[in-house]
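In what follows, a single structure is set out as structure tokens and then discussed.
Residue numbers (this note's numbering): 290 to 387.
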């Protein structure tokens, strides 16, 4: 569970404060992608592209998996599904992968 959902849980010492904040932010439910992109800029002061690069690196760390296993596994599954969809599109159109 994320720090936001379990406020009394100590953060993993291998995760810095920003990593814990990113995981708590990602655990929120978002109805509209535009709202999330605006919130990323407001909360972290970075672009959505930079945020997703940080998140992508973070979800591959053992510390993040220990911190919130359900969230990390869900994010890893979503990433794998997007990669598989890109591969299927590429194979069906004969175009090289992005």
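Backbone N, C-alpha and C define an ideal beta-carbon position, used for all residues, glycine too.
This structure is a prediction, so every number in the text was calculated from the model and none was measured.
- The segment 355-374 makes no contact with the segment 319-337: fewer than 3 CB pairs, one atom from each, lie closer than 8 Å.
- Counting along the chain, residue 329 sits inside the alpha helix (DSSP H) bounded by residues 322-333.
- Every unbroken stretch of the alpha helix (DSSP H) spanning 4 or more residues and falling wholly within the segment 352-385 is given here in chain order: 358-382.
- Between the segment 351-360 and the segment 371-384, the count of Cβ pairs shorter than 8 Å is below three; the stretches do not touch.
- Nearest to residue 348 by C-alpha distance, out of 381, 382 and 316, is 316.
- Nearest Cα to residue 346 within the set 312, 320, 322 and 318: 312.
- In the DSSP annotation of this structure, the continuous segment of the alpha helix (DSSP H) that includes residue 343 starts and ends at 337-347.
- The Cβ atoms of residue 353 and residue 308 lie closer than 8 Å to each other.
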